[in-house]
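Q: In the working numbering, the protein residues as written are 923 to 1177.
Where a beta carbon is used, it is the ideal one built from N, C-alpha and C, also for glycine.
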């Protein structure tokens, strides 16, 4: 029989990186609305604090911290402060990342930074979070990857390769952590109307994006947050090692 409670997160504690804006903010607000206590972390500490304050004013449980995911000390502190504030850690959402389009002749430092942001930080955070989840009796980890992990396009070598590595990392560590009751998944967003996208979006770019999107609109952060909620909820309790594409049916990037 259908149980709506299986889609709720009552009693869960979530650490969300990159939670100060866009998809990360939507996930934080949605998880809090579903009953989770949320630690909102972001490179922009003020943005993270604003999200946490909004959640608290709406009646949810939230705290915040500034976090540079490429810094080991910040990752350690994020996990420690989450557990200290809320008593445990049961959900990790690795939303922080970046890289974006870069020319083929980019400096190698730029190529490495894409992997620092999108792969190495996620793996290290998973290592730090897993023991806390095991203590709590299990948990769920969710990475935010990208359609660029599977598609091919110009100027996407560093970003696409790092996101492909993210997707494969998820599939592999799901095997490592499954025996501890920890599920590991990812969602791969299509074109989503975040602050970052709207800052560069033109009518022509949107038209080209929609030409590849059977559901004829751009995604909204709430679309990604709803998918994230499902993947981290008890309703997805037998799903692990999967990458869920959330793209309105779109399967390729721009020409």
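#1: My understanding is that residue 905 touches residue 948, with C-beta atoms under 8 Å, so please give their C-beta distance in whole angstroms.
#2: Counting along the chain, where does the alpha helix (DSSP H) carrying residue 917 start and finish?
#3: Are there 16 or more other CB atoms within 10 angstroms of the CB of residue 1085, so buried, or fewer, so exposed?
#4: Taking its Cβ as the centre, do 16 or more other Cβ atoms sit within 10 Å of residue 1104, making it buried, or is it exposed?
#5: Is residue 1177 helix, strand or coil when you go by DSSP?
#6: If residue 1088 and residue 1112 are in contact, beta carbons under 8 Å, what's the gap, nearest whole angstrom?
#7: With distances taken from CA atoms, which of 930, 1081 and 990 is nearest residue 963?
#8: Tell me, to the nearest whole angstrom, how far the beta carbon of residue 1091 is from that of residue 1047; I am working on the premise that it is less than 8 Å.
#9: Are the CB atoms of residue 1130 and residue 1170 within a distance shorter than 8 Å?
#10: How about residue 931 and residue 967: do their beta carbons lie closer than 8 Å?
#11: For residue 993 and residue 926, what's the separation of their Cα atoms in angstroms?
A: Reading from the atomic positions:
#1: Outside the shown range of the chain (923 to 1177) lies residue 905, about which nothing can therefore be said.
#2: No answer is possible for residue 917: it lies beyond the span of the chain, which begins at 923 and ends at 1177.
#3: Position 163 of the chain shown, counting from 1, holds the residue named residue 1085. Buried, since its Cβ has 16 or more Cβ neighbours within 10 Å.
#4: On the chain shown, position 182 is the one that residue 1104 refers to. Under this definition residue 1104 is a buried residue.
#5: The residue labelled residue 1177 in the question sits at position 255 within the chain shown. Confidence at residue 1177 is low in this model, with a pLDDT of 49, below 50, so the placement of that residue is unreliable and no value is reported for it.
#6: On the chain shown, position 166 is the one that residue 1088 refers to. On the chain shown, position 190 is the one that residue 1112 refers to. So it is not a contact: roughly 16 Å between Cβ atoms.
#7: Counted from its first residue, the chain shown places residue 963 at position 41. The residue with the shortest Cα to Cα distance from residue 963 is 990.
#8: Locating residue 1091 in the chain shown gives position 169, where the first residue counts as 1. Locating residue 1047 in the chain shown gives position 125, where the first residue counts as 1. Residue 1091 to residue 1047, Cβ: 11 Å. No contact.
#9: Your numbering for residue 1170 matches position 248 in the chain shown. Your numbering for residue 1130 matches position 208 in the chain shown. Going by C-beta atoms, residue 1170 is not nearer than 8 Å to residue 1130.
#10: Counting from one through the chain shown, the residue named residue 931 turns up at place 9. Counting from one through the chain shown, the residue named residue 967 turns up at place 45. No, these two residues do not count as a Cβ contact at 8 Å.
#11: Residue numbering aside, residue 993 sits at position 71 when the chain shown is read from its first letter. Residue numbering aside, residue 926 sits at position 4 when the chain shown is read from its first letter. Approximately 39 Å, taken between the alpha carbons.
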